[in-house]
Amino acid sequence: MRGNVERYILEGIVDKGGLLFGVIDPLDYKSLDDAVETAKRVYEGGADVILVGGSIGVQGEPLDYVVKEIKKSIDIPVVLFPGNIGTITRYADALYFMSLLNSRNPYWITRAQMQTSHLIKNLGLEPLPVGYIVVEPGGTVGYVGEADLIPRDRPKLASAYALAGQFMGFRFIVTDAGSNPKEGHIPLEMVKEVAKSIGIPYIVAGGVRKPEEAGKIIECGADAVQIGTAFEIDNAVDRVKSFVNAIREGAKNKKRKIEVDF
């Protein structure tokens, strides 16, 4: 059964064609309150979802505080983007229940998920079943997750993992190049290859720095773009608006349609 957040995302993809997910890693800021303020600005700029999380250290009281404070000021979903089994708080609306499909370590594929499944159910968090794929250079998440990184020039490998994830029952696919990689976001050819291979929502993360890049990613078939680093400076509202506008424009030329069954 689909939960409220999943239905909200699906409806947004159908209605808007492309969505913006703003990522807040509290440890990237000088203070937790700075992280909260950035989330508010990202919301005011028109983001569709706020993700909270990070590859290491985002857990416990700081996570509780940031999520609670963000939710006081916004009316869009706050979704956890966990880097470990500690990135869980009852105050969020949902979380990426992720399996790192190309990890070399089964812990990141099924064992961490096993350890948290009953806790997530007891807290009433909505799990979003995500097949997660890390692409070169991978950054911290690639290192921590012991990923067998997808080469940037091998788009069919990424699409094969994505399709396998769909066949295994995941309802979202995320490809991630890591946080702020110097190489930039994954190649557009890879976006196209993944998008045409699957019929479930496809989210592109990592290295998207400019609005026109976000628009092209959506035009190539992705359904949402995750952006964090580009919003970690003052007065982000106008910047977020420019990304949202580019994403909506890109969606006008997008040919791919996801398979939606509400």
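In our numbering, the protein residues as written are 34 to 295.
All C-beta atoms, glycine included, are put in the ideal place defined by N, C-alpha and C.
In this text the structure is predicted, and so the values were computed from the model without any measurement.
Item                                                                                                                         : Value
Simplified DSSP state of TYR62, which is helix, strand or coil                                                               : coil
Beta-carbon contacts of ILE153 that lie in its chain and below 8 Å, excluding the five residues immediately before and after : ILE121, LEU128, PHE130, PRO160
Endpoints, the beta strand (DSSP E) within which GLN92 is located                                                            : Where GLN92 is concerned, there is no enclosing beta strand (DSSP E), given that its DSSP letter is neither H nor E.
Residues sharing a beta bridge with GLU159, DSSP                                                                             : ALA127
Cutoff 7 Å: ASP58 Cβ touching any chain C Cβ                                                                                 : Reference to chain C is not applicable here, since this structure consists of a single protein chain.
Cutoff 7 Å; reference CYS253; Cβ partners in own chain excluding five residues on either side                                : LEU221, VAL224, LYS225, ALA228
Rounded separation between LEU52 and ASN138 - CA only                                                                        : 32 Å
Neighbourhood of ASP256 by C-beta distance below 7 Å, restricted to the same chain and skipping five residues each side      : ILE46, GLY51, LEU52, PRO234, TYR235, ILE236, ILE291
Same chain only: Cβ atoms within 7 Å of LYS49, ignoring 5 sequence neighbours per side                                       : ARG281, ALA284
Three-state secondary structure (DSSP) of ASP108                                                                             : coil
Pairwise C-alpha distance: SER150 and VAL85                                                                                  : 19 Å
Burial state of THR143 (16 or more Cβ within 10 Å)                                                                           : exposed
For GLY254, three-class secondary structure by DSSP                                                                          : coil
Own chain, CB closer than 7 Å to LEU65, minus 5 neighbours either side, in chain order                                       : PRO59, PRO95, TYR98, VAL99
Residue from LYS63, GLY87, TYR41 whose Cα sits closest to the Cα of GLY239                                                   : GLY87
ARG272 to GLU70 span [Cα, whole Å]                                                                                           : 15 Å
Distance CB(SER230)-CB(ALA195) smaller than 7 Å                                                                              : yes
Residue from ILE42, TYR124, GLU39, ASP67 with nearest C-alpha to ASN155                                                      : TYR124
7 Å CB neighbourhood of ALA191 in its chain, flanking five on each side removed                                              : ILE166, VAL168, ILE183, THR208, MET223, GLU226, VAL227
Span of the beta strand (DSSP E) around ILE83                                                                                : 82-86
ILE42 in three-state terms, based on DSSP                                                                                    : helix
Presumed contact (8 Å Cβ cut-off) between VAL241 and VAL258, rounded CB distance                                             : 6 Å
GLY178 vs TRP141 beta-carbon contact at 7 Å                                                                                  : yes
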